[in-house]
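J.: In my numbering, the protein residues as written are 3 to 756. Where a beta carbon is used, it is the ideal one built from N, C-alpha and C, also for glycine.
Encoded structure:
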């Protein structure tokens, strides 16, 4: 054995003897921080497997970075400034914890990341490095040296840049922060425990998780001589650590505030005398229990208006207090209730004379949120005094009422029938004698149908079990009408699965969408779906485009499945789509927790209920154009009666039978009346039962009727009135699911105004 080799062995033995004399958690001696001194060139031992020998090559330099020195720029870091010889230091080796089963696995993490080695900072003046803020941690670029509270620590590997990403030794950094580090032998993950948070990192992966949520790092974690290295920005973001970079000093300073954190909120508005609710929140970055709190300026209520500052602080079980958290509270004068008031344009009216009500209610904050009227009829038809009341409520819930009496004389200006025809607002309804409607002259319209395949999925309307409620194939212009009730006894969802069985990629364009529900009321869902469908047609919303590869299945009309349907709830959907190739459609209802893409192909086809209609109907857009004059005498235009307006004829492909679209639900009517007489009332009169829906009249959505259903046969809802001149009127209409057909459009000459 040559002399050099003998000296190397003796050197390694001397290092181990030095380690044995110092405990693994030895702390650096306390030092003052008044004068900056030269730093020592510290040597640390590379962590290796226990059975390996340690040679001189295993002892590496702690830093290659020269630190600035105002006294002597020629002094080499790590040498005594007087003798220029290496400074004597003590280090503490940390044995790795290995997983025997993985010792031979190349590239996989097999150890808990190396802990930093803490060393005593030497000083020529008995003072420590100055300028280090308590609690902060300074990292040195291209060095494994770290300084915290005037004490120097050595990481297992230097801070390094790899592929443009700065990496740090995770164990060294986390130990300084004070969090717990573990290693999961099963998943090969390094785990950091920060209070209730758990972070997991894996070798050679740029993905890490925070409480199970995946996040992406700028570069993959890696092993460098049994030291686990991660991107600096990722670990600081994950642990909510802020830092500053000093390029001139080649340092990165991390703010490691370990104080607990306190905060609180109070209600948005506080008035004199209100009980103040303080909602507190506190936590410890190290996971310590919060054991005490203190307030300044807190009051359960304030008896004077003004601005008040309240602070809140908490203490953790280690004895540290948080910084005070301050909230400025603006206490307002007590809320004054609104003042209800209205006037009428006159004090006395004839029977059938229109009354104008002028709301003059006020609020000191201009915050009236609800106005309710009682007995504010547009006209009265019985003489005598009539009391009308208005009640207004502000945003704080305070309310006030005002009642006014108007007098109705015995003289008649308009009959009730004439008044309703003249003055009932568009979108509102009025009562009349509907028995004469069937005897009114029918407008002798003709029509033609435009190509648009209607898929009407409406039976079984009440679905009792999971399954396929409708299936069909279509290409080109297609309209879906889907209306079903959940009666399965559990929460379910509905889906439309489109399958491309062609050799080419198919595109399907959703042109508009009207969806409503889940709702317990069928008529409400049906009306809202038609309302939203017309709005979509009107403003172009709801458009989507989906591409489906050959042999692929995809979900379309996904608005249908956003929410689960509870027992007894209804969904209603109208939508037009266009596909360039034939697609197979399956409309299904399944348990809310099931995957539709795996479940649909195994579902049974459900039978129709024998009451409601389902089927596939071609040519589902009906064009009615009428050029002759209407409105100069009473007339009607029937829809959905299977006489003047015949049902669409189609098939039920699941039952292999012909089908007739009773009521023509799902049909879009485009009605153009090119010669409506001056002073004509156009109204909507249901004949088959209650109806609740909308129509698009001259491009405007009109309710049938506002917030209420219209009952057959003695109610009508106002759609439009022409003025002093004749004009063309266009009406788009489609029957709302849940309502009843047939219906009539009525054209009535308006009475003469007085």
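Which residue comes first and which comes last in the beta strand (DSSP E) that contains residue 353?
T.: 350-353
J.: Could you pull the start and end residues of the alpha helix (DSSP H) that residue 425 belongs to?
T.: 418-425
J.: Apart from the five residues on each side of it in sequence, which residues of its chain come closer than 6 Å, Cβ to Cβ, to residue 320?
T.: 290
J.: Pull up the distance between the alpha-carbon of residue 662 and that of residue 653, whole angstroms please.
T.: 8 Å
J.: Considering Cα atoms alone, identify which of 253, 252, 259 is closest to residue 244.
T.: 259
J.: State the Cα-Cα distance for the pair residue 329 and residue 543, rounded to the nearest angstrom.
T.: 44 Å
J.: Beta-carbon separation of residue 708 and residue 748 under 8 Å?
T.: no
J.: My guess is that residue 337 and residue 273 are in contact by the Cβ rule of under 8 Å, so how many angstroms apart are they, rounded?
T.: 5 Å
J.: Are residue 520 and residue 558 touching if we call contact CB-CB under 8 Å?
T.: No, Cβ-Cβ distance for residue 520 and residue 558 is not below 8 Å.
J.: Residues in its own chain within less than 6 Å of residue 432 by CB, not counting five upstream and five downstream?
T.: 422, 426
J.: Contact between the segment 582-590 and the segment 458-474: three or more CB pairs below 8 Å?
T.: yes
J.: Shortest alpha-carbon distance to residue 561 belongs to which of 568, 554, 550, 575?
T.: 575
J.: Please classify residue 301 as buried or exposed, where buried requires at least 16 other C-beta atoms within 10 Å of its C-beta.
T.: exposed
J.: What are the boundary residues of the alpha helix (DSSP H) that includes residue 428?
T.: Bounds of any alpha helix (DSSP H) do not take in residue 428, whose DSSP letter is neither H nor E.
J.: Please report the residue range of the beta strand (DSSP E) in which residue 598 lies.
T.: Not the beta strand (DSSP E): residue 598 falls in the alpha helix (DSSP H), residues 598-601.
J.: Rounded C-beta distance between residue 531 and residue 739? I'm assuming under 8 Å.
T.: 7 Å
J.: Tell me whether residue 529 sits in a helix, a strand or coil according to DSSP, three-state version.
T.: helix
J.: Determine the contact status of residue 641 and residue 735, defining contact as a CB-CB distance below 8 Å.
T.: yes
J.: Kindly identify the DSSP beta-bridge partner or partners of residue 435.
T.: BP columns for residue 435 are empty, so no partner.
J.: To which residues of the same chain is residue 281 closer than 8 Å at the C-beta, ignoring the five residues directly before and after it?
T.: Closer than 8 Å at Cβ, skipping near neighbours: 266, 267, 268.
J.: Give the secondary structure of residue 523 by DSSP, where H, G and I count as helix, E and B as strand, and everything else as coil.
T.: Residue 523 sits in coil when the DSSP states are folded into three classes, being neither helix nor strand.
J.: Is residue 344 helix, strand or coil when you go by DSSP?
T.: strand
J.: Return the chain-ordered list of same chain residues with a C-beta closer than 6 Å to the C-beta of residue 634, the five sequence neighbours on each side being excluded.
T.: Once the five neighbours on either side are set aside, the close Cβ partners of residue 634 are 679.
J.: Distance check for residue 668 and residue 737, CA to CA, integer angstroms please.
T.: Each residue's alpha carbon lies about 7 Å from the other.
J.: Are the Cβ atoms of residue 251 and residue 316 separated by less than 8 Å?
T.: no
J.: Counting only the same chain and skipping the five closest in sequence on each side, list residues whose C-beta sits under 8 Å from that of residue 539.
T.: 514, 698, 734
J.: Which same chain residues, not among the five before or five after residue 413, have their C-beta less than 6 Å away from its C-beta?
T.: 352
J.: List the DSSP bridge partners of residue 193.
T.: Its beta-bridge partners are 184, 202.
J.: How about residue 730 and residue 695: do their beta carbons lie closer than 8 Å?
T.: Annotated as distal: residue 730 and residue 695, with beta-carbon spacing of 8 Å or more.
J.: With 16 as the cutoff for other CB atoms within 10 Å, does residue 345 come out buried or exposed?
T.: exposed
J.: Inspect the CB distances between the segment 169-179 and the segment 228-241 and report whether three or more fall short of 8 Å.
T.: These segments touch.
J.: Would you give the residue range spanned by the beta strand (DSSP E) that residue 162 belongs to?
T.: 162-164
J.: Count the other C-beta atoms from every protein chain shown that fall within 10 angstroms of the C-beta of residue 379, then say buried if there are 16 or more, exposed otherwise.
T.: Flag for residue 379 reads exposed.
J.: Using alpha carbons as the reference points, say which of 476, 446, 430, 568 lies closest to residue 713.
T.: Among 476, 446, 430, 568, the Cα nearest to that of residue 713 belongs to 430.
J.: Reducing DSSP to helix, strand and coil, say where residue 302 ends up.
T.: coil
J.: Is DSSP giving residue 616 helix, strand or coil here?
T.: Residue 616 falls in the coil class under three-state DSSP.
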